[in-house]
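Trainee: Numbering (full-length UniProt numbering), first residue to last: 1 to 542.
Take a look at the structure:
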């Protein structure tokens with residue numbers, strides 16, 4: 001093996017090894033799929049007075065379509081008043097009002113919502129009111145799996161269709177520069193019809209699958225489909241996909257009819273339409289539930305483009321170049337593109353794993369991590385076969401056996417299927433948030449502020465005043481807090497009341513967005529001396 005081939009082996013080995021290792025890098029952020037973060041009343045809590053409503057706070061934005069909270073007493077009678085709704089100032093919170101003057105009893109709140117990335121989550125919490133001998137209801141919180149397999153099938157169909165279209169566009173835009181024969185034109189037509197047909201089928205199945213996810217009911221409910229298209233953000237994105245897909249079909253039809261397949265510049269039009277379809281698709285997945293959408297969505301797009309072009313390129317080259325004299329030359333042209341696609345998959349896969357997985361431990365202890373391991377193994381196997389093919393052609397100038405190429409793109413198809421499954425597997429739950437605690441010196445002593453659990457949604461604020469000798473002060477007429485989000489947007493001012501531990505306490509949904517917040521403490525002593533201190537708090541997104 002010559003020097004060039006040794007270097008090629010070295011480069012490919014480093015790329016594949018880095019790809020595998022990068023997947024194992026522990027992350028610091030956990031995203032995707034909503035988890036119940038807290039509830040008011042708290043689960044398994046005992047209350048002296050019946051609450052006026054039930055409020056659930058989730059780790060990410062909740063879609064405003066069909067949120068459901070059903071509250072029942074111990075006899076199974078429903079006691080909620082009206083429908084559940086998203087809090088007007090915090091889209092992480094779902095509320096439902098309760099009937100007035102509920103009697104002493106045990107109550108259960110069964111909830112079901114759809115997170116920002118389109119995945120259903122459901123569970124039950126329970127609480128007691130007054131003195132009752134009734135036992136708590138068994139509680140749970142889990143993702144809804146009733147719609148997982150239809151969603152996986154739909155996405156698998158879409159991904160295979162995407163790969164065929166991406167492979168065709170890559171073939172004529174960058175790889176093949178020769179004359180387009182009638183036989184090649186027929187093959188192109190066949191591949192395009194197959195790819196476009198699969199994408200069309202996947203897009204048509206999208207609405208019934210979403211109806212099942214949102215309502216858990218009849219997948220062919222036309223009224224529900226129309227409601228999703230008209231009101232849901234995911235329905236609006238679907239309309240954009242349909243429009244871009246129609247333009248994509250029209251562009252291909254014109255090129256085939258006018259016999260413009262050999263005009264490279266014409267392929268930029270379907271490439272733009274197709275990229276838009278993939279971009280919208282990236283906005284419908286796990287990335288949609290990320291606090292860092294500006295990173296997550298582009299990385300999801302890169303992953304889609306690179307995976308589709310890599311697998312699709314192999315399939316299209318195998319079909320199009322059968323019995324073609326230029327086959328070896330075109331395959332060699334594909335090699336550097338394949339290396340770029342592998343690098344794109346590695347980089348985007350790294351970032352998405354950091355975002356979605358959270359830690360290396362989760363890789364081995366969660367279903368999501370196990371699917372990623374399977375994906376890594378298939379990725380390494382497919383990349384290894386690609387390396388063997390490249391080196392064989394570099395050494396001999398001949399094409400490898402068709403059987404090994406078939407094996408490679410079969411693995412690619414399985415890889416796409418695994419990717420489809422991965423989009424429907426519940427990501428590991430986030431780590432419990434850490435409470436904020438800070439002390440600030442004043443002219444007469446110290447002010448301490450503690451916020452629990454420091455999340456978007458319901459928090460408890462504790463303020464303690466001490467003098468210069470460390471003795472707790474309680475000589476205050478009033479203690480007020482002002483929460484100011486970054487950018488000096490709309491602030492909230494609320495009062496903290498003294499409790500039995502000489503702390504000034506407030507509870508509420510005052511931190512309603514991720515990011516940097518300024519908390520100002522304003523206190524007025526009995527002798528009208530003001531104390532004003534400010535704290536900076538970072539609220540992590542979902």
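Even glycine gets a Cβ: it sits at the ideal position worked out from N, Cα and C.
Write down the C-beta distance between residue 163 and residue 344 rounded to the nearest angstrom, noting that I regard them as a contact closer than 8 Å.
Mentor: Position 163 of the chain shown, counting from 1, holds the residue named residue 163. Position 344 of the chain shown, counting from 1, holds the residue named residue 344. Contact doesn't hold; Cβ gap of about 15 Å is too wide.
Trainee: Could you give the C-beta distance for residue 53 and residue 98, rounded to a whole number, given that I count them as a contact under 8 Å?
Mentor: As a working mapping, residue 53 is identified with position 53 in the chain shown. As a working mapping, residue 98 is identified with position 98 in the chain shown. Confirmed, about 6 Å.
Trainee: Tell me whether the beta-carbon of residue 304 lies closer than 8 Å to the beta-carbon of residue 172.
Mentor: As a position in the chain shown, residue 304 is number 304, starting the count at 1. As a position in the chain shown, residue 172 is number 172, starting the count at 1. No. Outside cutoff.
Trainee: Report the partner residues of residue 85 according to the DSSP bridge assignment.
Mentor: Within the chain shown, residue 85 is the residue found at index 85, counting from 1. In the DSSP output, where bridge partners are listed per residue, residue 85 has 95.
Trainee: Taking the alpha carbon of residue 265 as the point to measure from, which residue in 251, 277, 324, 453 has its own alpha carbon closest?
Mentor: Start at 1 with the first residue of the chain shown, and residue 265 comes out as number 265. With distances taken between Cα atoms, residue 265 lies closest to 251.
Trainee: Below 8 Å between beta carbons: does that hold for residue 43 and residue 151?
Mentor: As a position in the chain shown, residue 43 is number 43, starting the count at 1. As a position in the chain shown, residue 151 is number 151, starting the count at 1. Cβ atoms of residue 43 and residue 151: not closer than 8 Å.
Trainee: Give me the DSSP bridge partner(s) of residue 185.
Mentor: Here residue 185 refers to the residue found at position 185 of the chain shown. The partner list for residue 185 (beta bridge, DSSP) is empty, contrary to what the question assumes.
Trainee: Roughly how far, in whole angstroms, is the beta-carbon of residue 454 from the beta-carbon of residue 434, given that I think they are within contact range, below 8 Å?
Mentor: Translated into positions along the chain shown, residue 454 becomes position 454. Translated into positions along the chain shown, residue 434 becomes position 434. Sure, about 7 Å apart at Cβ, within 8 Å.
Trainee: Could you pull the start and end residues of the beta strand (DSSP E) that residue 283 belongs to?
Mentor: Along the chain shown, one-based indexing puts residue 283 at 283. From DSSP, residue 283 is part of no beta strand (DSSP E); its letter is neither H nor E.
Trainee: Given a cut-off of 8 Å, decide if residue 134 and residue 74 are closer than it, judged by their beta-carbon atoms.
Mentor: As a working note, residue 74 is residue 74 in the chain shown. As a working note, residue 134 is residue 134 in the chain shown. Result yes, Cβ atoms of residue 74 and residue 134 sit closer than 8 Å.
Trainee: Is the CB-CB distance between residue 456 and residue 464 below 8 Å?
Mentor: As a working note, residue 456 is residue 456 in the chain shown. As a working note, residue 464 is residue 464 in the chain shown. Contact: no.
Trainee: Taking Cβ positions, are residue 502 and residue 474 nearer each other than 8 Å?
Mentor: Translated into positions along the chain shown, residue 502 becomes position 502. Translated into positions along the chain shown, residue 474 becomes position 474. Cβ atoms of residue 502 and residue 474: closer than 8 Å.
Trainee: What does DSSP give as the partner residues of residue 39 in its beta bridges?
Mentor: Here residue 39 corresponds to residue number 39 of the chain shown, with the count starting at 1. DSSP lists 56 as partners of residue 39.
Trainee: Might you give, ordered along the chain, the residues of its own chain that have their beta carbon closer than 6 Å to the beta carbon of residue 308, omitting 5 neighbours on each side?
Mentor: Taking the chain shown and counting its residues from 1, the one referred to as residue 308 is at position 308. Same-chain partners within the cutoff: 162, 163, 166.
Trainee: What are the start and end residues of the beta strand (DSSP E) that includes residue 72?
Mentor: For this step, residue 72 is matched to residue 72 along the chain shown. That run of the beta strand (DSSP E) goes 68-72.
Trainee: Taking the alpha helix (DSSP H) that residue 440 falls in, what are its first and last residues?
Mentor: As a working note, residue 440 is residue 440 in the chain shown. Taken as a continuous stretch (DSSP letters only), residue 440 belongs to no alpha helix (DSSP H), being part of the beta strand (DSSP E) at 436-441.
Trainee: So, for residue 315: in the same chain, excluding its five sequence neighbours on each side, which residues have a beta-carbon less than 7 Å away from its beta-carbon?
Mentor: In the chain shown, residue 315 corresponds to position 315, counting from 1. So the list reads 163, 164, 167, 409, once near-sequence residues are dropped.
Trainee: If distances are taken between C-alpha atoms only, which option among 280, 340, 332 comes closest to residue 245?
Mentor: Walking along the chain shown from the start, residue 245 turns up at place 245. It is 280.
Trainee: Measuring alpha carbon to alpha carbon, tell me which of 90, 174, 223, 278 ends up nearest residue 336.
Mentor: For this step, residue 336 is matched to residue 336 along the chain shown. Measuring from the Cα of residue 336, the nearest candidate turns out to be 174.
Trainee: Whole beta strand (DSSP E) runs in the stretch 190-267 with 3 or more residues, listed along the chain?
Mentor: Runs of the beta strand (DSSP E) inside the stretch 190-267: none found.
Trainee: Can you tell me which of the three DSSP states residue 323 falls into?
Mentor: Working through the chain shown from its first residue, we reach residue 323 at position 323. It is coil, neither helix nor strand.
Trainee: Here's a check: name, in chain order, each residue in its chain whose Cβ is nearer than 6 Å to the Cβ of residue 524, leaving out the five neighbours to either side.
Mentor: Your numbering for residue 524 matches position 524 in the chain shown. So the list reads 477, 478, 530, once near-sequence residues are dropped.
Trainee: How is residue 335 classed by DSSP in three states: helix, strand or coil?
Mentor: Taking the first residue of the chain shown as position 1, residue 335 is located at position 335. Helix.
Trainee: Starting from residue 516, trace the beta strand (DSSP E) in both directions and tell me its first and last residue.
Mentor: Within the chain shown, the letter at position 516 stands for residue 516. Start and end: 515-525.
Trainee: If you compare alpha carbons, which of 79, 170, 220 is closest to residue 340?
Mentor: For the purposes of this step, residue 340 is taken as the residue at position 340 of the chain shown. The residue with the shortest Cα to Cα distance from residue 340 is 170.
Trainee: Following the continuous beta strand (DSSP E) through residue 477, name the residue where it begins and the one where it ends.
Mentor: Within the chain shown, residue 477 is the residue found at index 477, counting from 1. From DSSP, the beta strand (DSSP E) with residue 477 extends over 476-485.
Trainee: Going by Cα to Cα distance, which pick from 329, 257, 351 is closest to residue 300?
Mentor: Position 300 of the chain shown, counting from 1, holds the residue named residue 300. Ranking the options by Cα distance to residue 300, first place goes to 351.
Trainee: What residue range does the beta strand (DSSP E) around residue 496 cover?
Mentor: Numbered from 1 along the chain shown, position 496 holds the residue referred to as residue 496. Per DSSP, residue 496 belongs to the beta strand (DSSP E) from 492-498.
Trainee: Please go through the same chain and pick out, in chain order, the residues whose beta-carbon is closer than 7 Å to the beta-carbon of residue 194, but skip the five residues on each side of it.
Mentor: As a first step, residue 194 is located in the chain shown; it is residue number 194 there, counting from the start. Taken in chain order, the residues that qualify are 164.
Trainee: Please report the straight-line C-alpha distance between residue 510 and residue 227, rounded to a whole angstrom.
Mentor: Counted from its first residue, the chain shown places residue 510 at position 510. Counted from its first residue, the chain shown places residue 227 at position 227. Cα to Cα, residue 510 sits roughly 32 Å from residue 227.
Trainee: Determine the DSSP secondary structure at residue 330, reduced to helix, strand or coil.
Mentor: Residue numbering aside, residue 330 sits at position 330 when the chain shown is read from its first letter. The answer is helix: DSSP assigns residue 330 an H, G or I state.
Trainee: Given a cut-off of 8 Å, decide if residue 58 and residue 92 are closer than it, judged by their beta-carbon atoms.
Mentor: Position 92 of the chain shown, counting from 1, holds the residue named residue 92. Position 58 of the chain shown, counting from 1, holds the residue named residue 58. Cβ atoms of residue 92 and residue 58: closer than 8 Å.
Trainee: Give the DSSP-derived three-state secondary structure of residue 271 in the structure shown.
Mentor: By one-based count along the chain shown, residue 271 stands at place 271. Reduced to three states, the DSSP call for residue 271 is helix.
Trainee: What's the C-alpha gap between residue 16 and residue 515?
Mentor: As a position in the chain shown, residue 16 is number 16, starting the count at 1. As a position in the chain shown, residue 515 is number 515, starting the count at 1. With a pLDDT of only 44 at residue 16, under 50, the local geometry of the prediction cannot be trusted, and the value read off the model is given with reservation. So the two alpha carbons sit approximately 36 Å from each other.
Trainee: Using a threshold of 8 Å, state whether the C-beta atoms of residue 71 and residue 96 are closer than that.
Mentor: The sequence position of residue 71 within the chain shown is 71, counting from 1. The sequence position of residue 96 within the chain shown is 96, counting from 1. Cβ atoms of residue 71 and residue 96: closer than 8 Å.
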